[in-house]
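Single-structure report; data block below.
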Amino acid sequence: MKRPISFRFPLAIVANGLFPSHNHPLDCLKKSGTIISIDGALDTCLQKGFHVSAVLGDMDSLDQRENEFNGLWIPLPNQNKTDLEKTLDWCLENGINRLTLLGATGLREDMTLANHYILFDYFNRLEITMVTDHFSISCHQGQQSFESFPGQTVSIIAYQEKTIVSSTALQFPLSQFVLEPSARAISNRSIGNTFSIDASKPFLVFRSHLEE
1 MKRPISFRFP
11 LAIVANGLFP
21 SHNHPLDCLK
31 KSGTIISIDG
41 ALDTCLQKGF
51 HVSAVLGDMD
61 SLDQRENEFN
71 GLWIPLPNQN
81 KTDLEKTLDW
91 CLENGINRLT
101 LLGATGLRED
111 MTLANHYILF
121 DYFNRLEITM
131 VTDHFSISCH
141 QGQQSFESFP
151 GQTVSIIAYQ
161 EKTIVSSTAL
171 QFPLSQFVLE
181 PSARAISNRS
191 IGNTFSIDAS
201 KPFLVFRSHL
211 EE
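Note that my numbering has the sequence shown beginning at 1, numbered continuously upward.
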């Protein structure tokens, strides 16, 4: 009988989208204490040489078999939620409150958009940073400061109408700006090593990676 997983942090979840190729998300994986794969992402993680501690999902897109996998195998058959939602619920049930999410974009545009909406659904219960080949993406409300670097691309996406947004240390400052769900606040730039955003309603912030 396999022993229950013992979580080591930082913890990374790999969804079954486009596997990262940029150094930043790959470094997140390499530095993770625990990697959890969602469904078919297990096959890719193992092919890339990563040790996976657990796999969750409805297991409908896996080549790997349970008796071949030396980790925790957790079927989540509920079809009323996506595998990502079920995995995040499982994390909450198991005392996990902070994680990095990879492989959540690419391949299917509908799933990419849905996964961004999932950040809004869970942000007040889980600290999730979605890391892609281009951006680190997270959801917040109220005042929040971010580590940055001069020239970093910063985009803000509102979830609801009439979101009041102010910012500091951005090239194009926002002061009590009324932001609708739109492209009105994308492609700004940081002018320092930190910046801040204060918003009356939930928002996504996209921060580009430093190119080495």
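Beta carbons: idealized from backbone N, C-alpha and C, even for Gly.
The beta carbon of aspartate 39 sits closer than 8 Å to the beta carbons of Asn16, Val55, Leu56, Gly57, Asp58, Met59, Asp60, Ser61, Leu62, Asp83 from its chain, once the five residues preceding and following it are set aside; these are given in chain order.
Glutamine 152 has no beta-bridge partner at all, per DSSP.
The DSSP-derived three-state label of isoleucine 164 is strand. Two segments are said to touch when three or more pairs of C-beta atoms, one from each, lie closer than 8 Å; by this definition the stretch 164-176 touches the stretch 191-210. Bounds of the alpha helix (DSSP H) holding glutamine 47 are 41-47.
As the crow flies, the alpha-carbon of glutamine 160 is around 12 Å from that of glutamine 141.
Under the three-state reduction of DSSP, threonine 34 is assigned to strand. Three or more Cβ pairs drawn from the stretch 171-184 and the stretch 151-160 lie within less than 8 Å of each other, which places the two stretches in contact.
With a threshold of 16 other beta carbon atoms within 10 Å, glutamine 143 falls short and is exposed.
In this structure threonine 100 is in contact with valine 131, their Cβ atoms being roughly 6 Å apart against a cut-off of 8 Å. One thing to note: leucine 102 has its Cβ within 9 Å of the Cβ of proline 20.
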